[in-house]
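When we follow the working numbering, the leftmost residue of the sequence shown carries the number 27, and every step to the right adds one. Think of the CB as a built atom: it goes at the ideal place given N, C-alpha and C, for glycine as much as any other residue. Contents: one structure, followed by commentary.
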Amino acid sequence: MNENSQPPPSEDGGDAQSPKTGEGPSRSAEYSADRPTLFERFSGLFRNRNGSTLREELEDALAEGQRDDAEAFSPGERAMLNNILRLREVRVEDAMIPRADIEAVELSTTLGELIGVFDESGHSRMPVYAETLDDPRGMVHIRDVLGHITNQARVKKPRRTKKAPAADASPPEATPTFALANVDLTKTVGSLNLIRPVLFVPPSMLASDLMGRMQAQRIQMALVIDEYGGTDGLVSLEDLVEMVVGDIEDEHDEETPLITQTGEGVFVVDAKAEIDDVAEKIGGAFSGGEHAESVDTIGGLLFNALGRVPSRGEVVQAIPGFEFHVLDADPRRVKRVRIVQDLRGERRKRSATAGQEEQAEHGA
Numbered sequence: 027m028n029e030n031s032q033p034p035p036s037e038d039g040g041d042a043q044s045p046k047t048g049e050g051p052s053r054s055a056e057y058s059a060d061r062p063t064l065f066e067r068f069s070g071l072f073r074n075r076n077g078s079t080l081r082e083e084l085e086d087a088l089a090e091g092q093r094d095d096a097e098a099f100s101p102g103e104r105a106m107l108n109n110i111l112r113l114r115e116v117r118v119e120d121a122m123i124p125r126a127d128i129e130a131v132e133l134s135t136t137l138g139e140l141i142g143v144f145d146e147s148g149h150s151r152m153p154v155y156a157e158t159l160d161d162p163r164g165m166v167h168i169r170d171v172l173g174h175i176t177n178q179a180r181v182k183k184p185r186r187t188k189k190a191p192a193a194d195a196s197p198p199e200a201t202p203t204f205a206l207a208n209v210d211l212t213k214t215v216g217s218l219n220l221i222r223p224v225l226f227v228p229p230s231m232l233a234s235d236l237m238g239r240m241q242a243q244r245i246q247m248a249l250v251i252d253e254y255g256g257t258d259g260l261v262s263l264e265d266l267v268e269m270v271v272g273d274i275e276d277e278h279d280e281e282t283p284l285i286t287q288t289g290e291g292v293f294v295v296d297a298k299a300e301i302d303d304v305a306e307k308i309g310g311a312f313s314g315g316e317h318a319e320s321v322d323t324i325g326g327l328l329f330n331a332l333g334r335v336p337s338r339g340e341v342v343q344a345i346p347g348f349e350f351h352v353l354d355a356d357p358r359r360v361k362r363v364r365i366v367q368d369l370r371g372e373r374r375k376r377s378a379t380a381g382q383e384e385q386a387e388h389g390a
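Written out as structure tokens, the structure reads:
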């Protein structure tokens with residue numbers, strides 16, 4: 027063989043050893059072969075040696091409330107982290123305001139009526155529809171309404187003419203900047219060119235996807251449309267944020283009582299209401315029983331009775347003689363409950379007790 031000829035490549039397709047040095051492949055080639063890919067490096071951040079994901083580790087850590095390092099998170103931080111982890115399981119229908127509770131205005135609503143609706147509702151945005159909620163046209167923002175009123179009420183300043191002032195001339199009168207009489211309050215919403223677009227989404231859409239879409243398109247209101255094209259509910263960006271941080275109340279939100287009696291033996295209760303407070307309001311017949319041993323609120327009572335979070339519209343019998351109708355709930359918690367007392371059963375029980383006492387007196 028000619029000394030200048032190159033040796034044949036190895037059978038495995040790798041580089042042959044150098045005839046001069048006898049060394050194998052270069053260090054850079056070995057490093058490139060053993061170096062993990064970008065995907066593998068990122069995967070390593072979210073996977074430990076046992077194969078469990080970072081999400082699973084966080085969920086386990088948050089679930090173990092008795093750990094030595096449990097104080098690393100406050101109860102509020104723990105709840106918020108749990109909500110973030112569960113957000114990808116929440117759908118739009120879980121966060122939306124149901125159709126029956128939607129406050130909206132018709133295209134034929136006048137500007138004066140619209141101002142009154144904003145004042146009564148306390149909302150800054152209002153859906154607009156043509157004839158029914160199934161024919162939505164968009165929304166109107168209170169800021170646009172105020173801008174329209176300002177433009178209409180602004181008084182144009184007259185042109186100034188140079189004129190020598192008289193010796194005994196009085197100072198000129200101040201010209202008003204605004205004249206609200208110039209605003210036509212009879213114009214309708216449809217004619218004011220104030221309607222903004224809204225998003226139309228299905229109830230099965232993930233809440234996290236809708237949040238990203240709202241941020242990208244800078245639209246903070248979406249109408250939930252069912253499979254037949256009808257309006258099923260309404261969801262705002264604030265509703266989605268509340269799924270993570272909890273209820274957001276501003277200075278205009280009126281504080282509603284936790285317990286309200288709406289009829290004889292019927293009470294509408296906030297799920298955050300204390301069981302003892304509800305028992306005091308309803309009377310001695312109401313007792314938390316075995317399900318209330320480790321909880322303090324009505325929401326906790328229902329969760330203990332079922333072993334899960336009840337759904338909206340579900341009826342739970344957690345205490346004998348009472349029915350709990352779930353009026354509002356999401357996958358994380360119960361929000362509002364109607365408690366209905368079985369008054370007929372209570373009266374029969376009282377009659378039986380009175381009869382037994384009377385018999386005991388006669389027997390004595």
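For residue i, collect the residues of the same chain with a Cβ closer than 7 angstroms to its Cβ; drop the 5 residues on either side in sequence, then sort them by chain order.
i    : result
H149 : E129
A355 : V335, P336, S337, R338 and K361
Q287 : F293
R125 : L159, T257, D258 and G259
V304 : I285, V295, F312 and I324
L332 : V342
E395 : Only positions 27 to 390 of the chain appear in the structure, and residue 395 is not among them; the question remains open.
Let me know if residue i comes out buried or exposed under the rule of 16 or more other beta-carbons within 10 Å of its beta-carbon.
i    : result
D273 : exposed
A299 : buried
R359 : buried
G325 : buried
Q343 : exposed
P101 : exposed
D210 : exposed
R370 : exposed
D296 : buried
V181 : exposed
For the candidate residues the options, whose alpha-carbon lies nearest to that of residue i?
i    : options                   : result
G259 : T136, P229 and R112       : P229
M165 : L140, T288 and D303       : L140
L159 : D127, A205 and G289       : D127
D161 : S147, V131, E146 and G142 : V131
R112 : Q343, A297 and L88        : L88
A207 : S217, N177 and R163       : N177
G309 : G291, S320 and H174       : G291
E157 : G142, T257 and D368       : T257
S234 : R169, D368 and N109       : N109
G289 : D368, V250 and G216       : D368
CB residue i to CB residue j, shorter than 8 angstroms?
i    : j    : result
V363 : F350 : yes
V116 : M269 : yes
L232 : R114 : yes
V171 : R163 : no
A179 : A205 : yes
V341 : N330 : no
Kindly give me the distance between the Cβ atoms of residue i and residue j, rounded to whole angstroms, as I take these residues to be in contact under 8 angstroms.
i    : j    : result
P357 : D120 : 5 angstroms
L327 : I301 : 6 angstroms
R222 : H167 : 6 angstroms
L218 : H174 : 6 angstroms
Residues in its own chain within less than 8 angstroms of residue i by CB, not counting five upstream and five downstream?
i    : result
L236 : V118, L225, V227, A248, V261 and L266
A105 : G272
T214 : L133, S134, T135, T136 and L137
P240 : Note that residue 240 corresponds to Met in the displayed sequence, not to Pro. The answer, listed in chain order, is L225, Q246, A248, L263 and L266.
G255 : D160
K307 : I285, Q287 and F293
Between residue i and the rest of its own chain, which residues show a CB-CB distance below 6 angstroms, the 5 nearest in sequence each way excluded?
i    : result
I123 : G259 and L260
R151 : M165, H167 and M247
D252 : D258
T212 : T136
G216 : L133
Between residue i and chain C, is any beta-carbon pair separated by less than 8 angstroms?
i    : result
F329 : This model lacks chain C altogether, as it is built from one protein chain only.
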